[in-house]
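Heads up: the sequence lines are chains A and B, in that order. Each residue of the first sequence is one higher than the one before, counting from 1 in our numbering. Each residue of the second sequence is one higher than the one before, counting from 1001 in our numbering. Glycine residues also receive a C-beta, built at the ideal position from the N, C-alpha and C atoms. Structure record follows, encoded as structure tokens.
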Amino acid sequence: MIDLAPFLDAVHMLSSSWEPWLIVFPGLLIGLLFHAIPGLTTSIAIALFLPILPYMSFLQSLVFMTAMYTGSLFGVAIPAILLNIPGSAAAVATTFDGFPMAQQGKQAEALGYALAASVVGQGIAYIILLFLVQPIGELAIKLGPPEMFIVALWGLSMIAGLRGRYVSRGLLAGLFGLLLGTIGFSDRGSIRGTMGIEALLDGIPTIPAVVGMFAAAELFGLVKSEYISADPGKISLRRIVGAAIDTLRYPVVLIRGSLLGAVIGTLPGGHAVANLLSYSEARRTAKDPEAFGTGDPRGVIAAEAGNASSEGGSIATLLALGIPTGGATAIMLVAFDMHNITGGPQFMHDHKDLVYAVILSNLAQILFLIPVGLAFTFAASYVIRIPLRVIIPTVLSLAVIGSYALNGNLAGPITLAVFAVLGWLLQRFEYPVAAAVVGLLLAKLTEGAMMRTYQMSGGDPRLFIERPAAGVLLLVLVASLVWPAVKSWRRRGTQRPAATLGH
Amino acid sequence: MRFKAGTRTVAVDLPHFLFLTALVGFCVWYFFDAYTVSDTLENLLLIEPAVVAAVILYFVILRDVIRVVPDPAALAAPRPPLSPLVRLRIFGGMALLIAYVASMGVIGFDLATVLYVAATLALLGERRPTVLVALPLIFGGLVVYAFRQMVTVPVPTLLELLP
């Protein structure tokens, strides 16, 4: 619950000076811009601006970095919707329904849904954080490999939902992605599948591989078209705002996605799973799951709510435990160092006012994101009017240079080119690319958690019962897998008597 | 590809067969590579069941790839065929992307980007000379300049690579 004295101190800190607020707009814009360029990441944006942080106060630097993070979490949705390029792993699920909407000329609506889901998702996560920052931090430390393994399995179960026309091809694509994702050093130090290529020791570079498989493959498939959408429709702010307001018609999808994202975001690598899980659950519990993947707004809302709210979870782990859950929060930790501050329980105890100030400033940033995001999406939605013969070379070129910038070597561009060809082949022979991507993204996480769980339990499954958090997660996983089958069985049961009556 | 087996016709979707075999072949090779490194349970905990499942799925999918039919006329095409122009644009586009990636470290990111954008524009049907020249030059120049300013890693240009 809220500790009133430091909370009031935080309000005073933020309201007594304009200084912390001056850098919110630039932070949001930098975050948005960096993710509008395929291949660039929040980590690069934050790393780029690290040198100016010592010239800011600690609060100012935290506000600046979280503003970049906030902007980027929505920014990833823009290329995902308009070009089928997930700016990061956190936006993979956004492409599933976002890009089909853009192809139907509903890009303004898709961006509006994404913006609103992002704003509401982050809002919910930070409100939870405001009240429960301490318990969330304590919960995060209790979640170990067995819980992470169940979360990873939950994410992988999505492959079954991405099967496309052929179940067997979907499963094979998922397994292929899973195996590709384990290439390189294992957690035990074994080197596998590198073919002697040094650049593969750390595994296949994920972002270039995902961009190659999704974007390049899709763009190659579009060479016969003149534009992304045959009927681009009128681009108007009213359509974006209308869709943003319409988002509130899906409260269950929004709230479930936000809660899942906030909890999963506390785990290392959780932000990559949050959007997939949120999408998967929205699809699984829908009355018409077949509508997902064809341009259903609920798909965009679920994915973005899960993605955006994971920021709250990851910031909770960073502040409460001093543990980074991803690249962006790892670099934020460096900024802590620059100000000679160590994140973790002691920080929470000694600087509760700062923690509240960060949470409150993030709630305010979400309000700033609305006008900034609207203006940005309005401008970005004109991409759909550019002929594909211009989009294809310029976007691919940006993606290639962006993937080079990730590590400063040609491994990124080579990966992108190889996976572009592979992605096109998968698509041509009707193997769902998304299933391969889900496998690739979750492979290291799954294998690491699986191995540590095995080491902890010695192969004894009772471990899952002995740990309450693992038991609860396991029950939720089983229920989420079994529920659609039960629902369909019950539906068939109710349809049969109706059909009999009809005769 | 079709051939007769008695009174029946065996239809093989050869491109799909080759792709499927390469995909699962990689999985099997990967298992043996991992096994050679270490045959411990920890090392193969995920890989072994995944590869076994991939091999089972290979045979399941093979039923779609190799079909024995009494009447070959009733056999539908497995995929919509690509017209020669679309085929040229897809495979040409892939070749240009690979050439771009291979050349950027040799001729510089700026020149490689300008050439790649111009060649792909031409391949995809752009014929206006001003667009073919101006767009790649402006885009290539701006992008390479912006990246050189933004990122901390070196982005080599033609002038820097000249001996």
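Residue i to residue j span [Cα, whole Å]
i: Gly261 (chain A); j: Gly448 (chain A); result: 21 Å
i: Ile1090 (chain B); j: Arg239 (chain A); result: 34 Å
i: Leu1124 (chain B); j: Pro1084 (chain B); result: 13 Å
i: Phe292 (chain A); j: Asp353 (chain A); result: 44 Å
i: Glu218 (chain A); j: Val1144 (chain B); result: 25 Å
i: Phe1003 (chain B); j: Ile1061 (chain B); result: 20 Å
i: His503 (chain A); j: Arg490 (chain A); result: Its pLDDT being 42, under 50, His503 (chain A) is placed unreliably by the model, and nothing is read from it.
i: Ala405 (chain A); j: Gly212 (chain A); result: 15 Å
i: Met1104 (chain B); j: Pro1156 (chain B); result: 8 Å
i: Gly28 (chain A); j: His1016 (chain B); result: In the sequence on display, residue 28 (chain A) carries Leu and not Gly. C-alpha separation (whole angstroms): 46 Å.
i: Pro324 (chain A); j: Ile315 (chain A); result: 8 Å
i: Leu1137 (chain B); j: Phe376 (chain A); result: 26 Å
i: Gly155 (chain A); j: Ile1107 (chain B); result: 43 Å
i: Val1101 (chain B); j: Ile414 (chain A); result: 6 Å
i: Gln455 (chain A); j: Trp1029 (chain B); result: 27 Å
i: Phe1109 (chain B); j: Glu1042 (chain B); result: 43 Å
i: Arg284 (chain A); j: Glu466 (chain A); result: 29 Å
i: Val486 (chain A); j: Ala479 (chain A); result: 10 Å
i: Tyr1116 (chain B); j: Val1037 (chain B); result: 41 Å
i: Val241 (chain A); j: Gly257 (chain A); result: 21 Å
i: Phe1032 (chain B); j: Thr194 (chain A); result: 13 Å
i: Gly265 (chain A); j: Ala470 (chain A); result: 17 Å
Beta carbon proximity, residue i to chain A, threshold 7 Å
i: Gly1125 (chain B); result: yes
i: Arg1128 (chain B); result: no
i: Tyr1035 (chain B); result: no
i: Ser1038 (chain B); result: yes
i: Arg1132 (chain B); result: With the sequence shown as reference, residue 1132 (chain B) is identified as Leu, and Arg is not the correct amino acid for it. Closer than 7 Å: no.
i: Phe1017 (chain B); result: no
i: Arg1148 (chain B); result: no
i: Ile1098 (chain B); result: yes
Beta carbon proximity, residue i to chain B, threshold 7 Å
i: Thr394 (chain A); result: yes
i: Met451 (chain A); result: yes
i: Leu422 (chain A); result: no
i: Arg490 (chain A); result: no
i: Val210 (chain A); result: no
i: Lys444 (chain A); result: no
i: Ser190 (chain A); result: yes
i: Val223 (chain A); result: yes
i: Gly408 (chain A); result: yes
i: Ser480 (chain A); result: no
i: Gly502 (chain A); result: Reliability fails at Gly502 (chain A), whose pLDDT of 43 lies under 50, so the model's placement of it is uncertain and the value that follows must be treated cautiously. No, Gly502 (chain A) does not count as interfacial toward chain B.
i: Leu179 (chain A); result: yes
i: Phe7 (chain A); result: no
i: Glu311 (chain A); result: no
i: Arg283 (chain A); result: no
DSSP bridge partner residues for residue i (one or two, in chain order)
i: Pro185 (chain A); result: It is worth fixing the name first, because residue 185 (chain A) is Phe in this sequence and not Pro. Answer is A:Ile191.
i: Ile1066 (chain B); result: B:Val1012
i: Phe1003 (chain B); result: B:Val1010
Unbroken alpha helix (DSSP H) run spanning residue i, endpoints
i: Gln104 (chain A); result: That residue, Gln104 (chain A), is in no alpha helix (DSSP H); it is neither H nor E in DSSP.
i: His271 (chain A); result: Gly270 to Thr285
i: Leu1158 (chain B); result: Leu1158 to Leu1161
i: Asp1110 (chain B); result: Phe1109 to Leu1123
i: Tyr1145 (chain B); result: Pro1129 to Met1150
i: Val390 (chain A); result: Leu388 to Asn407
i: Met56 (chain A); result: No alpha helix (DSSP H) contains Met56 (chain A), which DSSP labels as neither H nor E.
i: His533 (chain A); result: Because chain A is modelled from 1 through 503, residue 533 (chain A) falls outside the range shown and cannot be assessed.
i: Lys234 (chain A); result: Neither: Lys234 (chain A) is in no alpha helix (DSSP H) and is coded neither H nor E.
i: Ser457 (chain A); result: Val433 to Ser457
i: Tyr227 (chain A); result: Segment: none, Tyr227 (chain A) is in no alpha helix (DSSP H) and carries neither H nor E.
Burial state of residue i (16 or more Cβ within 10 Å)
i: Ala379 (chain A); result: exposed
i: Arg298 (chain A); result: buried
i: Leu501 (chain A); result: Confidence is the limiting factor: at Leu501 (chain A) the pLDDT is only 47, short of 50, which leaves the residue's position unreliable, though a coordinate-based value still follows. Exposed.
i: Ser225 (chain A); result: exposed
i: Ser16 (chain A); result: exposed
i: Asn84 (chain A); result: buried
i: Asp296 (chain A); result: buried
i: Pro1080 (chain B); result: exposed
Chain-ordered neighbours of residue i on chain D, where CB pairs are closer than 7 Å
i: Ser88 (chain A); result: You won't find chain D in this structure, because its protein chains are A and B.
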